[in-house]
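2 protein chains.
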Amino acid sequence: MTNNRSTSDKILQAAIDLMAEKGYDGTSTKEIAQVAGVNEVTVFRHFGTKGNLLEAALKRNHYAEEMTKLFHDRLVGDLHTDLLLIGRTYHQIMNQNRKLILIAQKGGSSLPEGVSEEADRHPQQLKKLLTDYLMEMSNEGKVMITNPELQALSFMWMHYGAFNSWLSTHVLEEFIEESTRLFARALTP
Amino acid sequence: MTNNRSTSDKILQAAIDLMAEKGYDGTSTKEIAQVAGVNEVTVFRHFGTKGNLLEAALKRNHYAEEMTKLFHDRLVGDLHTDLLLIGRTYHQIMNQNRKLILIAQKGGSSLPEGVSEEADRHPQQLKKLLTDYLMEMSNEGKVMITNPELQALSFMWMHYGAFNSWLSTHVLEEFIEESTRLFARALTP
DNA sequence: TAAAAATGTAAGTAAGTACTTGCATTCAAG
DNA sequence: CTTGAATGCAAGTACTTACTTACATTTTTA
Numbered sequence: 001m002t003n004n005r006s007t008s009d010k011i012l013q014a015a016i017d018l019m020a021e022k023g024y025d026g027t028s029t030k031e032i033a034q035v036a037g038v039n040e041v042t043v044f045r046h047f048g049t050k051g052n053l054l055e056a057a058l059k060r061n062h063y064a065e066e067m068t069k070l071f072h073d074r075l076v077g078d079l080h081t082d083l084l085l086i087g088r089t090y091h092q093i094m095n096q097n098r099k100l101i102l103i104a105q106k107g108g109s110s111l112p113e114g115v116s117e118e119a120d121r122h123p124q125q126l127k128k129l130l131t132d133y134l135m136e137m138s139n140e141g142k143v144m145i146t147n148p149e150l151q152a153l154s155f156m157w158m159h160y161g162a163f164n165s166w167l168s169t170h171v172l173e174e175f176i177e178e179s180t181r182l183f184a185r186a187l188t189p
Numbered sequence: 001m002t003n004n005r006s007t008s009d010k011i012l013q014a015a016i017d018l019m020a021e022k023g024y025d026g027t028s029t030k031e032i033a034q035v036a037g038v039n040e041v042t043v044f045r046h047f048g049t050k051g052n053l054l055e056a057a058l059k060r061n062h063y064a065e066e067m068t069k070l071f072h073d074r075l076v077g078d079l080h081t082d083l084l085l086i087g088r089t090y091h092q093i094m095n096q097n098r099k100l101i102l103i104a105q106k107g108g109s110s111l112p113e114g115v116s117e118e119a120d121r122h123p124q125q126l127k128k129l130l131t132d133y134l135m136e137m138s139n140e141g142k143v144m145i146t147n148p149e150l151q152a153l154s155f156m157w158m159h160y161g162a163f164n165s166w167l168s169t170h171v172l173e174e175f176i177e178e179s180t181r182l183f184a185r186a187l188t189p
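Chains V and W are the protein sequences, given in the same order. Using our numbering, the first residue of the first sequence is number 1, and each one after it goes up by one. Using our numbering, the first residue of the second sequence is number 1, and each one after it goes up by one.
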């Protein structure tokens with residue numbers, strides 16, 4: 001079709017904003033064009049279909065490998081310190097992708113397939129990293145394990161709930177500290 | 001309009017099922033009628049508008065006062081025992097209302113106002129009950145409090161995440177036991 | 001400045017939406 | 001058996017949707 005980066009970007013951003021608020025079905029191409037400040041025809045010239053539009057938006061938002069790198073490079077082997085860093089990084093990444101996550105949550109009748117899978121990938125990966133970390137720490141006698149997978153999931157679900165509550169940065173930071181204390185105390189032998 | 005209970009019920013159930021799966025916007029009255037096994041006109045004769053349909057579905061699903069009763073009557077003052085009962089009751093209530101909660105989560109362009117508020121009421125209430133419980137237990141020296149509100153929220157968010165993951169009853173029960181152990185251990189002085 | 005690419009404008013298509021109307025049919029209650 | 005309520009059926013309204021086509025205008029590039 002065409003390629004003017006700034007026009008494409010304006011359209012993508014408008015689509016993401018609107019769909020995060022009103023869902024895929026509830027957002028019309030006409031409205032996307034209007035918010036982007038272009039003609040509706042231009043939307044179709046750039047992306048062909050409404051579905052392509054969302055898929056393009058997905059590709060633009062690189063789900064970070066940041067988390068994997070963190071687990072390999074920046075953990076120090078102290079439970080409280082590590083959980084704090086993991087929690088903070090988790091929210092940082094989730095916030096970057098908040099709108100796409102919202103779109104996936106809301107769903108839609110003709111939502112392109114990749115969307116839900118893409119939204120699932122990240123937590124799946126974190127669960128594995130966190131479970132492995134707990135088992136390793138257990139081997140070193142630094143953590144009390146019963147069911148490491150469920151313990152990892154508890155940690156993640158707790159943070160996911162906080163993420164969904166749109167906390168202010170201040171309250172969020174308080175929560176991260178409080179919940180880390182809680183978990184570290186529960187898991188320390 | 002009219003009142004044949006079994007017809008109304010069939011329509012309401014079809015609407016709830018479809019909207020929980022595809023969202024309010026993504027569900028057409030035509031499809032609702034088809035799944036309910038009635039003519040589309042009958043849907044409008046019973047409920048007038050699509051919005052009324054959802055509101056009627058809301059009223060049918062009585063959000064339980066069960067939780068309040070539980071906190072007043074059935075808690076015994078032992079942290080582990082109480083948290084276990086609270087967790088189990090939480091999931092029981094949430095499962096009863098799963099589909100309506102899904103509809104509220106997905107949202108929609110013309111979703112009637114009451115829906116989101118109704119879906120919020122229950123967690124709000126639980127948060128207060130749980131916070132008060134923790135403070136009371138703290139007064140008796142049975143619990144170690146730092147920020148009781150955040151501690152209550154952590155507990156709720158963790159369970160909310162589990163609820164959203166559609167666990168089998170077996171895994172869910174395992175999770176409830178594991179997370180209760182975890183919390184009880186963290187909060188015990 | 002001239003060609004080419006990107007956009008705007010206007011109009012239209014085909015399908016779907018919520019909702020209505022008029023009339024025929026079923027069915028239960030008096 | 002008759003009446004009236006509940007439903008089915010067929011058609012239609014007014015509107016929105018995603019998407020297309022043809023042509024004129026602007027902007028970029030060479």
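The beta carbon of each residue, even a glycine, is placed where N, CA and C say it ideally should be.
query: Using the beta-carbon of each residue, which ones in chain W are nearer than 9 Å to V:Met137?; result: None at all; the shortest Cβ gap to chain W is about 15 Å.
query: Tell me which residue opens and which closes the alpha helix (DSSP H) that V:Lys142 is part of.; result: V:Lys142 -> no alpha helix (DSSP H), and no H or E assigned at all.
query: Does DSSP put V:Trp166 in a helix, in a strand, or in coil?; result: coil
query: With a 10 Å radius around its C-beta and 16 neighbouring C-beta atoms as the bar for buried, classify V:Ser118 as buried or exposed.; result: Checking the sequence shown, residue 118 of chain V turns out to be Glu, not Ser. Looking at its Cβ environment, which holds 16 or more other Cβ atoms inside 10 Å, V:Glu118 is buried.
query: Taking 8 Å as the threshold (C-beta atoms), are W:Ser109 and V:Gly26 in contact?; result: yes
query: Using a 10 Å radius around the Cβ and a threshold of 16 neighbouring Cβ atoms, would you call W:Pro189 buried or exposed?; result: exposed
query: Tell me whether V:Pro123 sits in a helix, a strand or coil according to DSSP, three-state version.; result: helix
query: Take V:Ile32 as the anchor and find which of V:Phe47, V:Ala20 and V:Ala15 has the nearest alpha-carbon.; result: V:Ala15
query: Which one of W:Gln124, W:Ala152 and W:Pro123 has the shortest CA to CA distance from W:Met137?; result: W:Ala152
query: Let me confirm a value: W:Ser6 is counted as buried when at least 16 other C-beta atoms fall within 10 Å, else exposed. Which label applies?; result: exposed
query: Does W:Met1 get closer than 8 Å to chain V when you measure Cβ to Cβ?; result: With a pLDDT of only 44 at W:Met1, under 50, the local geometry of the prediction cannot be trusted, and the value read off the model is given with reservation. Chain V contact via Cβ: absent.
query: From the beta carbon of W:Asp73, is the nearest beta carbon of chain V less than 8 Å away?; result: no
query: Return the chain-ordered list of same chain residues with a C-beta closer than 7 Å to the C-beta of V:Met1, the five sequence neighbours on each side being excluded.; result: Note on V:Met1: pLDDT 44, under 50, position unreliable in the model; the coordinate value appears next. Cβ neighbours of V:Met1 beyond the five flanking positions: Arg45, His46 and Gly48.
query: Would you give the residue range spanned by the alpha helix (DSSP H) that V:Thr81 belongs to?; result: Leu79 to Gln96
query: Check whether chain V comes within 8 Å of W:Thr146, counting only Cβ atoms and requiring the distance to be less than that.; result: yes
query: On the DSSP letters alone, give me the boundaries of the alpha helix (DSSP H) that V:Leu58 sits inside.; result: Lys50 to Arg60
query: Per DSSP, what kind of secondary structure is V:Arg74 in: helix, strand or coil?; result: coil
query: Helix, strand or coil: how does DSSP classify W:Leu187 here?; result: helix
query: With 8 Å set as the bound, which would you pick, yes or no: does the beta-carbon of W:Arg121 sit closer than that to a beta-carbon of chain V?; result: no
query: Is it buried or exposed, W:Thr146, if we count other Cβ atoms within 10 angstroms and call 16 or more buried?; result: exposed
query: So what does DSSP say about V:Leu111, is it helix, strand or coil?; result: coil
query: Is the segment 79-88 of chain W in contact with the segment 174-187 of chain W, if contact means three or more CB pairs nearer than 8 Å?; result: yes
query: My understanding is that W:Leu134 touches W:Pro148, with C-beta atoms under 8 Å, so please give their C-beta distance in whole angstroms.; result: 4 Å
query: Are there 16 or more other CB atoms within 10 angstroms of the CB of V:Gly23, so buried, or fewer, so exposed?; result: buried
query: Quick one, which residues of the segment 5-26 of chain W are near chain V if we go by CB-CB under 8 Å, in chain order?; result: Lys22, Gly23, Asp25 and Gly26
query: Mind pulling the chain W residues with CB within less than 8 Å of V:Arg185?; result: Arg185 and Ala186
query: Please confirm whether W:Lys106 has its beta-carbon closer than 8 Å to some beta-carbon of chain V.; result: yes
query: In its own chain, which residues sit with a C-beta less than 7 Å from the C-beta of V:Thr29, not counting the 5 before and 5 after it?; result: Glu40, Val43 and Lys50
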